[in-house]
Amino acid sequence: GENVEQHPSTLSVQEGDSAVIKCTYSDSASNYFPWYKQELGKRPQLIIDIRSNVGEKKDQRIAVTLNKTAKHFSLHITETQPEDSAVYFCAATSGSGYSTLTFGKGTMLLVSP
Amino acid sequence: DAGITQSPRHKVTETGTPVTLRCHQTENHRYMYWYRQDPGHGLRLIHYSYGVKDTDKGEVSDGYSVSRSKTEDFLLTLESATSSQTSVYFCAISTSGRSNEQFFGPGTRLTVL
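Chains as they are written, first to last, in the working numbering: chain A, 4 to 116; chain B, -13 to 99.
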C-alpha cells in the first residue's frame, strides 16, 4: 500500500519567515495530494491540494509543488504569521477504484512573534 | 463544516464494553470515512463506505466494525473496547471518491480505562 513520509516533525520559524514542509510517497499511481491544517483541539481543515497533472499551485501565502518523477511534494508558506502555528498533514491517494487517502504523521509548525 | 456531526463528542468507557460512535451528515455525500488520530501516527483510516451497505477496511480495521444503513449515518462500533483504542476518532466525507477532497467532522475523544 501507499506510504507517506513527512519531514520535519517540528518546525520553528520567526514571524515573516518562510516555512517548507516536505512529503514523499511510494505509490506511483497516486494522483491527488492534499494538505490539511489542524489547530489544537480542532478538526483537520483542507487548506490546499494539487493533482498529478499540475506542478505547482498557489493560494495567497501558501503554495504546493509536486515532483512526480521523484515522488515528492512540498508545502510552502511565505510571510508566516503566529496564526499559522498548527500541525500540518500531507496526504496522498492510495489504492485503485474507490481511492482513499494515506496521511503523513504531521509537522508541528510554531511561528514566534 | 460540510454538515458533519459526530456523537458523542467525548466518552469514557471501561475495557470490554461495547462502544458505538455515530457520524451524521446532512448533504447526501456518498463517501464516508472513519479515522483515528494518535500522537506520532497522524490520521489512520479504519473503515470507509462508498454507499449504503457498501463498506471496506482501512489500514487499522482490527477490533472495529462499521455499518451504513442509510446515506446520512455511518456508525463505528468497538465490540469490546481495549485501552489501545483510546484515541480521537474523526469521521470524514467526500463528495466523490475519485475527487478525493475529504472534509472532517469535529471528532470524538474516546478514553478506554
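The C-beta atom is built at its ideal place from N, Cα and C for all residues, glycine as well.
Cut-off 7 Å between Cβ atoms - residues of its own chain near residue i, not counting five sequence neighbours on either side
i: residue 88 of chain A; result: 112, 113, 114
Proximity of residue i and residue j at Cβ, strictly below 8 Å
i: residue 79 of chain A; j: residue 16 of chain A; result: no
i: residue 73 of chain B; j: residue 63 of chain B; result: no
i: residue 89 of chain B; j: residue 23 of chain B; result: no
i: residue 79 of chain B; j: residue 11 of chain B; result: yes
i: residue 28 of chain B; j: residue 107 of chain A; result: yes
i: residue 2 of chain A; j: residue 60 of chain A; result: With chain A covering 4 to 116 only, the question about residue 2 of chain A has no answer from this structure.
Residue i burial status per 10 Å Cβ neighbour count (16 or more: buried)
i: residue 32 of chain A; result: exposed
i: residue 52 of chain A; result: buried
i: residue 7 of chain A; result: buried
Residue i: first and last residue of the uninterrupted beta strand (DSSP E) it sits in
i: residue 84 of chain A; result: First-last for residue 84 of chain A: undefined, no H or E at that position.
i: residue 30 of chain A; result: Segment: none, residue 30 of chain A is in no beta strand (DSSP E) and carries neither H nor E.
i: residue 53 of chain B; result: 50 to 56
i: residue 74 of chain B; result: 73 to 80
i: residue 64 of chain B; result: 59 to 64
i: residue 59 of chain A; result: 59 to 62
i: residue 166 of chain B; result: In the structure displayed, chain B extends from -13 to 99; residue 166 of chain B sits before or after that span and is not available.
Residues near residue i by beta carbon distance below 6 Å, same chain, minus five either side
i: residue 95 of chain B; result: -4, 74
i: residue 3 of chain B; result: 67
Sequence-distant residues of the same chain with beta carbon closer than 8 Å to residue i, five excluded per side
i: residue 31 of chain B; result: 19, 20, 21, 44, 45, 46
i: residue 4 of chain A; result: 30, 97, 98, 105
i: residue 69 of chain B; result: 1, 98, 99
i: residue 21 of chain A; result: 79, 80, 81, 82, 83
Practice prompt. Return the residues of the region 34 to 49 of chain A that lie within a Cβ-Cβ distance of less than 9 Å from chain B, sorted by chain order.
Written response: 34, 35, 37, 39, 41, 44, 45, 46, 47, 48, 49
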